[in-house]
Amino acid sequence: MPFIPHTQDDEKTMLDAIGVASIDELFDEIPASIVADPIDQIPPGESEMSMLRLMQERAARDHMGLCFIGAGAYEHHIPAAVWDIVGRGEFLTAYTPYQAEASQGTLQLIYEFQTMISRLTGMEVANASVYDGATALAEAMLMAVRANKKIKTKRIVCAGNINPRYVATCQTIVRNQGIEIQQLQCDAESGLLNPDMLETIDETVAVVLSYPSFFGGLDEVDRLTDLVHARGALMIAVVNPTALAILKPPGEWGENGADIVVGEGQPLGIPLASGGPYLGFMCCRQAIVRQMPGRIIGRTVDLQGKTGFTLTLQAREQHIRRAKATSNICTNQGLLVAAATIYMSIMGNEGLRQVALASHAGMAELLQRAEQLAGVQQHFTGAYFHECVLELPVPAAALISAMGEQGVLPGLDLGEYFAGMEHCLLVNVTEKKTAADLDRFMDGLKSSLQTVSQSC
Amino acid sequence: MLIYDRSRSGRTAQAQLVGHRAPSQYPVLEGHLRASSPGLPEVSELEAVRHYTNLSSLNFAIDRQFYPLGSCTMKYNPRGAHQAASLPDFLDRHPLAPEKYSQGFLQCLYELQHYLMDVTGMQAVSLTPMAGAQGEFAGVAMIRAYHEKRQDFARTEILVPEAAHGTNPATAVMCGYTVREIPVTSAGDVSLAELVKVVGPNTAGLMMTNPSTCGVFERQIQEIAATVHEAGGLLYYDGANLNAILGKVKPGDMGFDVLHMNLHKTFATPHGGGGPGSGPVGVGERLKPFLPTPIVGKRNSPEGDYFYWQDAEEIPDSIGRLSAFMGNAGILLRAYIYARLLGAEGMNRVAQYATLNANYMAVELTRLGFKLAYPDRRATHEFIVSLALEAKNLGVSAMDFAKRLLDYGHHAPTTYFPLLIPECLLIEPTETESKSEIDDFIAAMAMILKEAHEQPELVTSAPHTMTVQRLDDVKAARDLDLAYSRDL
Amino acid sequence: MAEVRNNLKFAATHEWIEFKDGVATVGITDYAQEALGDVVFVEPPELGQQFAVGDEIAVIESVKAASDIYSPVTGTVIAVNEALESDPELVNSAPYDEGWIFKLEMSDPATPENLLSVEQYAELCEAEEH
Chain A
1 MPFIPHTQDD EKTMLDAIGV ASIDELFDEI PASIVADPID QIPPGESEMS MLRLMQERAA
61 RDHMGLCFIG AGAYEHHIPA AVWDIVGRGE FLTAYTPYQA EASQGTLQLI YEFQTMISRL
121 TGMEVANASV YDGATALAEA MLMAVRANKK IKTKRIVCAG NINPRYVATC QTIVRNQGIE
181 IQQLQCDAES GLLNPDMLET IDETVAVVLS YPSFFGGLDE VDRLTDLVHA RGALMIAVVN
241 PTALAILKPP GEWGENGADI VVGEGQPLGI PLASGGPYLG FMCCRQAIVR QMPGRIIGRT
301 VDLQGKTGFT LTLQAREQHI RRAKATSNIC TNQGLLVAAA TIYMSIMGNE GLRQVALASH
361 AGMAELLQRA EQLAGVQQHF TGAYFHECVL ELPVPAAALI SAMGEQGVLP GLDLGEYFAG
421 MEHCLLVNVT EKKTAADLDR FMDGLKSSLQ TVSQSC
Chain B
457 MLIYDRSRSG RTAQAQLVGH RAPSQYPVLE GHLRASSPGL PEVSELEAVR HYTNLSSLNF
517 AIDRQFYPLG SCTMKYNPRG AHQAASLPDF LDRHPLAPEK YSQGFLQCLY ELQHYLMDVT
577 GMQAVSLTPM AGAQGEFAGV AMIRAYHEKR QDFARTEILV PEAAHGTNPA TAVMCGYTVR
637 EIPVTSAGDV SLAELVKVVG PNTAGLMMTN PSTCGVFERQ IQEIAATVHE AGGLLYYDGA
697 NLNAILGKVK PGDMGFDVLH MNLHKTFATP HGGGGPGSGP VGVGERLKPF LPTPIVGKRN
757 SPEGDYFYWQ DAEEIPDSIG RLSAFMGNAG ILLRAYIYAR LLGAEGMNRV AQYATLNANY
817 MAVELTRLGF KLAYPDRRAT HEFIVSLALE AKNLGVSAMD FAKRLLDYGH HAPTTYFPLL
877 IPECLLIEPT ETESKSEIDD FIAAMAMILK EAHEQPELVT SAPHTMTVQR LDDVKAARDL
937 DLAYSRDL
Chain C
945 MAEVRNNLKF AATHEWIEFK DGVATVGITD YAQEALGDVV FVEPPELGQQ FAVGDEIAVI
1005 ESVKAASDIY SPVTGTVIAV NEALESDPEL VNSAPYDEGW IFKLEMSDPA TPENLLSVEQ
1065 YAELCEAEEH
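So the protein sequences, as listed, match chains A, B and C.
Sequential numbering from 1 applies to the first sequence in the working numbering.
Sequential numbering from 457 applies to the second sequence in the working numbering.
Sequential numbering from 945 applies to the third sequence in the working numbering.
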């Protein structure tokens, strides 16, 4: 049996030591009436060799040439060294660093991650990560309710241009604690939140803004942050970490900066991997750090005054505080944090800056070329980072289907999320796309538009 | 030395620069540009590689040491699973790629759902929760949805055993419930007598695990299930200890209505230094309508089986989605691969050998003079040793033993959990450890016990051979230093 | 042997209270601080906030626990010990003196009856030890 190393001799010696005749006897405390039929729905075990063959066949069915979908998961180049190092057994198979002396590698790495993410976002402190960007936002909402003691109404206001999957996730998580999420409609032309809208909102604990927005656009973050603070609410920023290499970090928005910052860390050295595992990062002002959920690593000294790293502020966490914990969260995405930290170290300021600019430039070029086709135009006006909404003369779903036949996934059908946007395609370009890739997109777009128009 | 200490302005990993693609002007972004530096380290590629490779060598890991952490199931993480899950066509696939181009991936997930139903005896499974705690959240949220659908709003209380893992009460509160703890008897079972006193029309459900956090089998589980069900409540199974019963008992057969599994425990997916995990939920018929989305469905098509995502349309009463996409896909693939490598026969053996190893360890440690918390009970896949006597008589605590074990090249067992056994070590060897490894650990415990008698300060100031000695936790919490703040 | 003070009243939840001119000064006892371990942070109530008897009013955090403090009287917070912000360890070193946590102006100036005397509190501690 795979991975069970016992020989017959081992087994006999051990059973003798225990004083039983068979392993079955060790289960004699289980009432006979609940002893189960054996597991039988799993096929007979494969060898590693045959398993690999099977998985290669399965994977081959999912081969795709070029992908221009973003919508919360982005395809960036990952330096070869990142997963080579992360794949080492010492990182891959280590456990949560509860015994600090046995985990200084992981602990120091997470401390460095906390440092990098807080600098990137312009915030004072960060935690060791939570599951993904969507749950990080949910946790930020719960945190805001705890931290904003002045406001009694449990309401969170969200800009209408936030990732709809994030909003749905937050609904699931905060609903049972009586927290209401209210979405503010964005401007039909720009896709951005009109600052005047904030004058109309009722008392609220916090306002959530996404930068870039789900549609790739860039809101007036300084003015919005000041208005939010003027209403006595906290500002929660949802950000893309690659974008922050060149765009304004939330810690510097407005007069006082954002209060809580969250986002999806997948763009930092984590492959698309069919949707996970990813990592959600969370940062906040130092003053409210005790309300922040999740693990946090602190630097300290040992008995001899030597620098060391350890889990800290654990008294807030579930295993100690139990029913009064800040959250039930038990995990941080340790392996992915390692990947993100090594990625950020290798890329550095200049490397990440160039990735951001090349992604933006690629999007600008694709947009400019696409708009030369009849009936195709940028749906929302204004600034964008590396994602745009293309308005098409045909339904996006039909175009995606036609281009898929040619081995290109051109983007996301926004009609699946927003009524009235059935002709809108959310397109993303990153530094990975070469000029030839853009040519292939354009060729596919041109021919597919023709095919689809003819059949409509 | 931090990576920042190696940082020098202007250093960079040249081979990673995409430079020729970066424009010199970007008018579209005017007004949005960052003035401050992003603040990342500036090192060469070799410096980064060396730094993190060296850091890795400071870690204990399953690949290097025996790791008998109770309730964590630190079994071997098969490298083949990691390799197969990392095939480029899985790794490069965008989560929102159309179903048509995702059949390989979706088939693996569909089959995994099926296997997990078989293993647990439940009627339906959702793979989306990204960790055990999220699985618990989903489970309790489903219980709440169930009662609300029945218009029964009096059920405001969740019961947990006093020995329960902290996530249980924390989860109940996150779902808007109050928590009431049920005492555990001296034999390690949940007190049925006490349970009967507190169940009633206010009871939404009882969260528990079997074997319990005390490492022993809840012998009265059927009576407990009947009691809770008669009062109109539901029974939740915390799957942390599933490794003890794989192939022997199914939670569905024990009367549980809903459960979560910890794939990073039972299904050998890598722990990664704290995550990622994966916490799929399984339900009986009553809670099927409320499963979190998306779930993989199957239907017939001219080309054969067609796999697709079922979401709000097909599961209108779902509690909703729990993540931006569909959970920790890569971890689910690894769990699927693990199941395929073991096959039914291999799965049916897991609990047997995990239990053999634990009972052997318990007997050998008893022979050395250690005290078991439940000496009259069978060990399941884990057991508890109490060092209360050693702490009292020799001044050497469970913490001290744990630290000294590191010097002997073994990771410590779980310490101080469950809370109700003072100075405890919760020890779980798992089935993938050989008798030789276990004997080495027993020998180390013998040595440390001897030291505790003859040279206690050696134990109380351990570890001595790690890169750091015991750390000042108080200073870490008082003088918060959570990010390096030297000026850029 | 944990220290107790004769001029104080005690709550079963290990707070001590000094009553003077309608004001209750509150802290935690020596027994409590020893059980808690090194205090790393004290989260005080806000000035001007009102609390009823039994309300959760403050949190004391050590490395191994975060314990709630319950209001022993009904009243309004008129002072918090600001020294604890930089020196939370005062709760350990001087629990009855410099380690006081907050003061409440009582809505009803009469001393509540359900509090424990010195002897009763000492008995409670003895019982909990075993």
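Glycine is no exception: its CB is placed at the ideal position from the N, C-alpha and C atoms.
In this text, all values refer to a predicted model and were calculated from it rather than measured experimentally.
Residue i and residue j: beta carbons closer than 8 Å?
| i | j | result |
| --- | --- | --- |
| residue 182 of chain A | residue 146 of chain A | no |
| residue 656 of chain B | residue 42 of chain A | no |
| residue 425 of chain A | residue 392 of chain A | yes |
| residue 969 of chain C | residue 962 of chain C | yes |
| residue 1008 of chain C | residue 981 of chain C | yes |
| residue 654 of chain B | residue 636 of chain B | yes |
| residue 640 of chain B | residue 876 of chain B | yes |
| residue 587 of chain B | residue 735 of chain B | yes |
| residue 858 of chain B | residue 312 of chain A | no |
Given this structure, state the Cα-to-Cα distance separating residue i from residue j, to the nearest angstrom.
| i | j | result |
| --- | --- | --- |
| residue 577 of chain B | residue 979 of chain C | 45 Å |
| residue 622 of chain B | residue 638 of chain B | 14 Å |
| residue 516 of chain B | residue 86 of chain A | 14 Å |
| residue 855 of chain B | residue 17 of chain A | 29 Å |
| residue 406 of chain A | residue 377 of chain A | 23 Å |
| residue 4 of chain A | residue 19 of chain A | 22 Å |
| residue 1059 of chain C | residue 1000 of chain C | 17 Å |
| residue 995 of chain C | residue 1014 of chain C | 9 Å |
| residue 1040 of chain C | residue 1018 of chain C | 21 Å |
| residue 930 of chain B | residue 936 of chain B | 10 Å |
| residue 984 of chain C | residue 1029 of chain C | 10 Å |
| residue 726 of chain B | residue 1042 of chain C | 50 Å |
| residue 766 of chain B | residue 551 of chain B | 15 Å |
| residue 1057 of chain C | residue 1038 of chain C | 27 Å |
Between the Cα of residue i and those of the options, spot the shortest distance and give me the residue it belongs to.
| i | options | result |
| --- | --- | --- |
| residue 111 of chain A | B:508, B:594 and B:475 | B:508 |
| residue 269 of chain A | A:425, A:335 and A:282 | A:335 |
| residue 660 of chain B | B:686, B:484, B:547 and B:613 | B:613 |
| residue 851 of chain B | B:524, B:763 and B:912 | B:912 |
| residue 54 of chain A | B:910, B:563, B:549 and B:927 | B:563 |
| residue 602 of chain B | B:746, B:845, B:815 and B:940 | B:746 |
| residue 215 of chain A | A:455, A:454, A:413 and A:226 | A:413 |
| residue 425 of chain B | B:651, B:641, B:590 and B:646 | The first residue shown for chain B is 457 and the last is 944, placing residue 425 of chain B beyond what the model contains. |
| residue 879 of chain B | B:802, B:826 and B:767 | B:826 |
| residue 690 of chain B | B:769, B:797 and B:597 | B:597 |
For residue i, which residues in the same chain have their Cβ closer than 8 Å to its Cβ, ignoring the five residues on either side in sequence?
| i | result |
| --- | --- |
| residue 978 of chain B | This structure gives no information on residue 978 of chain B, because the portion of chain B shown stretches from 457 to 944. |
| residue 432 of chain A | 75, 76 and 77 |
| residue 355 of chain A | 76, 77, 242, 245, 347, 430 and 431 |
| residue 967 of chain C | 1022, 1047, 1048, 1049 and 1050 |
| residue 409 of chain A | 64, 66, 67, 68, 69, 400 and 403 |
Who pairs with residue i in a beta bridge, going by DSSP?
| i | result |
| --- | --- |
| residue 721 of chain B | Paired residues: none, contrary to the question. |
| residue 1005 of chain C | C:985 and C:1010 |
| residue 777 of chain B | B:749 |
| residue 299 of chain A | A:309 |
| residue 617 of chain B | B:638 |
Residues in the same chain with beta-carbon distance under 7 Å from residue i, minus the five sequence neighbours each way, listed in chain order, please.
| i | result |
| --- | --- |
| residue 532 of chain B | 518, 724 and 888 |
| residue 940 of chain B | 458 and 460 |
| residue 272 of chain A | 73 and 75 |
Closer than 6 Å by C-beta to residue i: which residues in its own chain qualify, once you throw out the five before and the five after it? Chain order, please.
| i | result |
| --- | --- |
| residue 136 of chain A | 130, 262, 280 and 282 |
| residue 254 of chain A | 222, 225 and 226 |
| residue 944 of chain B | Its pLDDT being 47, under 50, residue 944 of chain B is placed unreliably by the model, and nothing is read from it. |
| residue 1020 of chain C | 994 and 1049 |
| residue 721 of chain B | 529 |
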